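What follows is one structure encoded as C-alpha cells, with my remarks underneath.
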Amino acid sequence: MSYNAPLFLFVFLPLSWVVTRLVPRRWQWLSLLLFSWVYYLSFSPRMILVLLFIICCTYLSGLVIESLFNRTDLLAGQAADRQVRKVIKTRGKRQAKLALIAAIVIISGVLVLFKYLAFFTTNLNQLLRLVSSSHSLPLLKLGEPLGISFFTLQALSYLIDVFRRKYKAERHWGRLALWLSFFPQIMEGPICRYDQTAAQLYAGHSIRFSDLVSGGQRIIWGLFKKVVIADRLNPLVTAVFDHPQQQAGLTVLVGAFCYTMQLYADFSGSIDIVIGSARLFGIALPENFNRPFFSRSASEFWRRWHISLGAWLRDYIFYSISFSHRMKQFDKKHREGLWRFLPLALALAAVWLCNGLWHGAGWQYIFYGFYYFVLILASNILEPVYKQIFARLGWSRESRGWQAFQIGRTFLLVVIGELIFRSPSLGQAFGLIRRGFSQFRLTALQDGRLLKLGLDKADWIVVGLGLVLLFGVESIQESGLKLSPRLRQLPRAGRWALYLGLILVIVIAGAYGRNYGEVPLIYAGF
Amino acid sequence: MKHSLKRQPQQQKLTPRPLRRRWVKPARVLCKVSIFTGLLLVLLLGLSRLFTPLQPGEKWSIHPEQDFPIKAEPLDSIDAVMLGDSLGYGDFVPALLWHEYGYTTYVCSQSAQPLEEAWAQLQATLVNQSPQLVMLETDQFYRSTTLASDLSRALLFEAGQHLPVFRFHDQWKQLLGLKQTPSLKALQQTQLKGYRFSKLTQGYNGTDYMNDSGILKVQPVTTYYLSKIVKLCQERGISLLFISMPSPKNYSMKRHNGIAQLAQQYNIPYLDLNLDPQQCGIDWSKDTRDKGDHLNYLGAQKATLAIGSYLAEHYQLPDRRGSDFASSWDDAWSAYQQLCQDAANPDTGGDSSKIGVSEPLYLPDSPDLLLPTTATNN
C-alpha cells in the first residue's frame with residue numbers, strides 16, 4: 236500500500252482520519268498508533284516484530300541512559316568535594332556512554348542483519364574463494380523490513396540526543412512507539428527528530444479547514460509529480476538501466492537525465508503526499524526538499540535534497556568526528572598546509588560512506604558516496620584558490636552568469652552521480668559513463684532511437700510539460716514568492732478551478748491503470 | 007545544554023459551547039468538501055462519457071478503437087476463448103487450431119493482465135459470443151504481491167467500471183493525434199485472433215523448475231474474481247479450463263499445487279504443460295523468446311498443438327471450416343504462415359540467422375509436432 240496507491244488515498248487515509256477524529260482528543264494518539272501498525276502489517280505481518288523490537292530497545296535504552304545520568308547527578312550533588320564530583324560525573328558519563336554504545340550496536344546490528352548481511356556474505360565469500368575455494372558462508376535471505384533505514388536512524392538520533400541531554404528520555408511507551416512508527420512517514424521519511432514531531436503526534440488535534448486544504452494541496456501536487464512525471468518516465472529508465480550493455484551515447488545521457496528527474500519527482504512527490512497526509516491530522520512534518528536543482532555546489536545540493544538524511548549525518552556523524560577531542564587537538568597543531576584538511580576529510584569520508592551504504596548494499600552505492608566525498612572535499616580544498624583567481628581577475632562570484640554556470644555544473648555532476656546510483660553494478664556504471672561520452676552522437680535525436688525506449692511522442696510531451704510546470708513553480712518559489720498565500724488570495728472559484736484542473740490532469744495524463752505496471756516508491760526500497 | 011521536551015499544556019476547562027454552535031464549523035467544512043467532491047464527480051462523469059469506447063450509433067467519444075477486439079468478430083462465431091496475460095497472447099495460436107481442427111478460438115489477453123481484467127474481457131466477450139469453453143491461463147492468478155496491492159488494483163478497476171475515464175484515460179493520445187489508431191501491432195494481433203507473434207530466441211539454460219514442493223495459495227482478491235467468472239460461466243453453461251503454459255520463469259510446483267487446489271475446489275479441469283514440457287516437444291534452447299519467460303513462435307506452435315489435442319479429446323468443439331465466416335480465419339492462417347516463413351527466412355526480413363532458428367517451420371502434416379497431450383487433470 237504505497238502512498239500513491241488508491242487503497243491508501245481513498246480508503247486507508249480517509250478511514251484513519253475519520254476514526255481518529257471520532258476518538259476523544261486525548262486518545263487520538265492511540266488511534267494513530269493502531270492505524271500505523273495496521274499499515275505496517277499490510278506489507279509484512281512478520282516484519283512488524285523487528286519494528287516492535289526496535290521500539291522496545293530504544294525505549295529501554297533511553298530510560299537506562301537517563302537513569303545513569305540521574306544517578307550520577309544525585310551522587311555528584313551529595314559529594315562535598317569538587318574533585319570527587321568530577322570523578323563521579325566522569326564515571327557516570329562513561330557508564331551512560333557504554334549503555335549508548337550497546338544500544339547503537341544492537342540497533343545498527345538489526346539494520347546490518349536485515350539490510351547488509353547478504354552483501355557482506357557475498358563479498359566475504361568472494362574473498363574466501365580467492366584464498367581457498369572450499370570454504371564459503373551460507374547466504375541468508377531474511378527479507379528487509381519496511382522502512383528499516385528510516386526508523387533505525389530515528390531511534391539512534393533519539394538515543395544520542397538523550398545521551399547529549401538535549402531532552403529527557405520518554406517515559407510513555409506509546410508516545411515513543413507512535414513517533415517511530417507513524418504511518419505516513421515510515422516508508423520514505425522524512426527522518427524526524429524526537430523534538431520535532433513527538434509532541435505533535437501525541438497531542439490531539441481538532442479539525443481545521445486550513446489543515447485539510449493545505450494537506451490536500453500537498454497530496455495533489457505530490458501525486459502530480461509521482462504519477463504524471465515519475466511513473467511515466469519509468470519505462471525509459473528501466474529500458475536503459477536494465478540493459479546497460481545495449482546503451483551508448485545520447486541514450487545513456489538521456490537515461491541518466493530521465494532517472495534523475497524520475498527520482499526527484501518520485502521521492503519529492505512521495506514526501507509531498509507524506510507531509511500532506513500528516514497535515515490532514517494537524518501534524519507538521521519537516522520538509523525534506525528545498526528545490527535541490529537550484530543548488531550551486533554539490534554540498535548545497537545535499538543541503539536541499541533529502542534534507543533529513545543530510546542533517547542526520549551532519550549532526551551524528553560529521554560533528555561527532557570533527558568535534559571530537561582528538562580532531563580538535565590535531566586541528567590546533569596543523570593550522571597550515573594540506574594537513575589542515577585531514578579532520579574534514581575524515582569526517583566527510585565517514586559521512587559519505589554512511590550515505591552510500593544507507594542507500595543500499597552494493598558497491599555502486601559506496602562509490603556513489605565516494606563520488607560526493609571527492610567532489611565536496613575538492614571544492615573545500617580549492618575554495619581559497621577560486622577566491623584568489625576571482626579576486627585577481629576582478630570577477631564577481633555573485634554575477635548571474637557565474638551562478639547559472641554553477642547551477643548547470645552542479646546539475647551535470649548530480650546526473651552523473653545518479654547514473655552511478657541507478658546502475659545495476661559498479662562495473663556497468665563505468666561502462667555506461669564511458670560509452671555515454673565516447674560514443675556521443677547527436678544523430679540519435681533524428682533516427683527515432685529515443686522513441687524506442689518505452690516512451691512515445693505523446694509521453695515525451697507529457698513529461699516535458701510536466702517538468703516545465705514543476706520547475707516553473709520551483710523557479711517562482713526560488714525567487715522568494717510564496718505560492719500558498721497567493722493561492723489563498725484567489726477567489727474560491729479560481730482556487731477550485733485550479734485544484735480540479737490539476738486533479739483532472741493527474742487522472743488523464745497519469746501513468747497508471749491497465750497499460751502501466753505498478754511502479755513502487757523508489758526510496759521505499761532503500 | 008539541557009532541554010526538556012515541552013509537554014502539551016493541559017486543556018483549559020471551558021464551559022462547553024452549545025451543541026448547535028459546536029457543529030456549525032464542522033458542518034461548514036463538510037458542506038465545502040461535499041460541493042468540491044460533487045463538482046469533481048460531475049467532471050469525471052463528463053470525461054468518462056468522452057473516453058468510453060465508441061459503441062455502435064454513438065458519437066461522443068474520442069476512443070474509436072474497440073477496447074475488446076473480440077467484439078469485431080461475427081456474432082456467435084467463437085467457440086472457445088483464452089483469457090490470460092502475455093502467456094496467453096504469446097503462447098497460444100488460434101489460427102493453428104483453426105487449420106488443424108477447424109476450432110474458432112480467440113485470445114483475450116493483455117500484458118500483465120490480472121484476473122479482474124479477465125473478468126471484464128469475459129463480460130465483453132459474452133455480449134456477442136456464446137463460447138462453449140473458457141480457458142484461463144493461470145499465470146494471472148499470481149499477479150499479486152500483497153493483499154493491499156491487490157485491493158488497490160481492484161479498487162482502480164472497479165472505479166474504471168463506473169467511471170471509465172480511469173480505465174481509458176490514455177485515449178488522450180489519440181485525441182491529440184499523437185498515436186496511431188489502432189496501432190500496427192494491435193492490427194496484426196487482431197488479424198491473428200489475439201495471438202502476438204514473436205520470432206525472438208533467447209534460450210533457457212536453467213535446471214528443472216518443477217522440483218520444489220509446497221503450496222502457493224492464490225490471493226483472496228483473485229479468488230473473488232475467479233468465483234465471479236465461475237458463476238457467470240455456470241449461468242451461461244460454459245465449461246471452464248485452467249491452462250498453465252510452459253514457462254520456467256513463471257511456474258513452479260508450488261504454484262501448480264496452488265492452482266490444482268483451486269481447480270479441485272471449483273471442480274475445474276486443469277492442464278499444466280509445465281509438468282513435462284519435453285513431452286509436448288518444448289526445446290528450451292530454441293522455443294523461448296526471453297530465457298524461459300514466454301515462448302516464441304516455435305514454442306507456441308508446440309504448446310497450441312498440445313492444447314488442441316487435449317481439446318479434441320475432452321470437448322466437442324465444432325469444426326467450423328466451411329462456415330460463413332471461414333474466410334477471416336483462412337486469412338488469419340495465411341497471415342500466420344507468412345510470418346512463420348518470414349521468421350525462418352533471412353532473405354525476407356526474418357533474422358533467423360541471428361536468432362538461431364534451425365528447425366523447419368511448422369508443417370501441417372508433420373507427425374513430430376502432433377504429440378500426445380501431457381495433460382494432468384486435477
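As you go down the protein sequences, you meet chains A and B in turn. Here the first sequence stands for residues 236 to 761, where the numbers follow the working numbering. Here the second sequence stands for residues 7 to 384, where the numbers follow the working numbering. Ideal Cβ positions, reconstructed from N, Cα and C, are used throughout, including at glycine. Owing to the predicted nature of the structure, the values given are computational and were not obtained by experimental measurement.
6 Å CB neighbourhood of residue i in its chain, flanking five on each side removed
i	result
A/S251	F270
A/W537	G545
B/G298	Y210, P254, K255
Listed by chain order, chain A residues near residue i by CB distance under 7 Å
i	result
B/A130	Here the premise fails: no neighbours, minimum Cβ distance about 13 Å.
B/F42	W731
Limits of the beta strand (DSSP E) - the one that residue i falls within
i	result
B/M88	86-90
B/V140	139-143
B/Y276	276-278
A/S445	Unbroken run through A/S445 is the alpha helix (DSSP H), 444-458; no beta strand (DSSP E).
B/L304	Looking at the DSSP string, B/L304 is not in any beta strand (DSSP E); the run it does join, the alpha helix (DSSP H), is 303-320.
B/F248	245-250
Chain B contact residues for residue i, given Cβ-Cβ distances below 9 Å
i	result
A/K350	By Cβ distance, chain B contributes nothing, its closest Cβ being about 20 Å from A/K350, past 9 Å.
A/G752	S117, A118
A/I442	K31, P32, V35
Cβ of residue i within 8 Å of any chain B Cβ
i	result
A/G689	no
A/M236	yes
A/F278	yes
A/L447	yes
A/I506	no
A/I696	yes
Span of the alpha helix (DSSP H), counted from its first residue to its last, around residue i
i	result
B/T111	Element bounds for B/T111: not the alpha helix (DSSP H) but the beta strand (DSSP E), 111-115.
A/I283	283-313
A/G707	692-713
B/M216	Neither: B/M216 is in no alpha helix (DSSP H) and is coded neither H nor E.
A/W272	263-276
A/P470	466-477
B/D348	332-350
Short CB-CB distance (under 8 Å) between residue i and chain A
i	result
B/G90	no
B/F331	no
B/V35	yes
B/S155	yes
B/K360	Because B/K360 sits at a pLDDT of 35, beneath the cut-off of 50, its placement in the model cannot be relied upon, and the point is left open.
B/K179	yes
B/P252	no
B/S158	yes
B/L47	no
B/L56	no
B/G63	A caution first: B/G63 carries a pLDDT of 47, below 50, which makes its placement in the model unreliable, though a value can still be read off. Closer than 8 Å: no.
B/P70	Its pLDDT being 45, under 50, B/P70 is placed unreliably by the model, and the measurement read from it follows with that caveat. No, B/P70 does not count as interfacial toward chain A.
B/L206	no
B/L93	no
B/T152	yes
Cross-chain neighbours of residue i in chain A, by beta carbon under 9 Å
i	result
B/W335	None at all; the shortest Cβ gap to chain A is about 28 Å.
B/G166	G748, R749
Same chain only: Cβ atoms within 7 Å of residue i, ignoring 5 sequence neighbours per side
i	result
A/A331	I300, L303, F304, F398
B/T310	F98, V99, L102, L103
B/F331	P80, S83
B/F147	L121, V224, T228, I265
Close beta carbons around residue i, own chain, < 8 Å, minus the five adjacent residues each side
i	result
A/H569	R575, L577
A/F386	L286, I289, L415, S416, I421
Where residue i meets chain A, residues with beta-carbon distance less than 8 Å
i	result
B/D176	G748, N750
B/V171	V742, I743
B/L162	P241, Y747, G748
B/L51	Per Cβ cutoff of 8 Å: no residues; B/L51 is ~12 Å from chain A at best.
Under 8 Å from the C-beta of residue i: neighbouring residues of chain B
i	result
A/I289	What A/I289 touches in chain B: nothing, since even the nearest Cβ is about 20 Å away.
Checklist entry - In chain order, what residues of the segment 95-124 of chain B put their CB closer than 9 Å to some CB of chain A? => result Q116, S117, A118, Q119, P120, E123
Checklist entry - If contact means a Cβ-Cβ distance below 8 Å, which residues of the segment 726-747 of chain A contact chain B? => result Within the segment 726-747 of chain A, the residues whose Cβ lies closer than 8 Å to some Cβ of chain B are W731, Y734, L735, I738, L739, V742, I743, A744, G745, Y747, listed in chain order.
Checklist entry - Of all the residues that make up the segment 221-240 of chain B, which are near chain A by a beta-carbon distance shorter than 9 Å? => result none
Checklist entry - Taking a cut of 8 Å between CB atoms, which residues from the segment 240-259 of chain A lie near chain B? => result A240, P241, L242, F243, F245, V246
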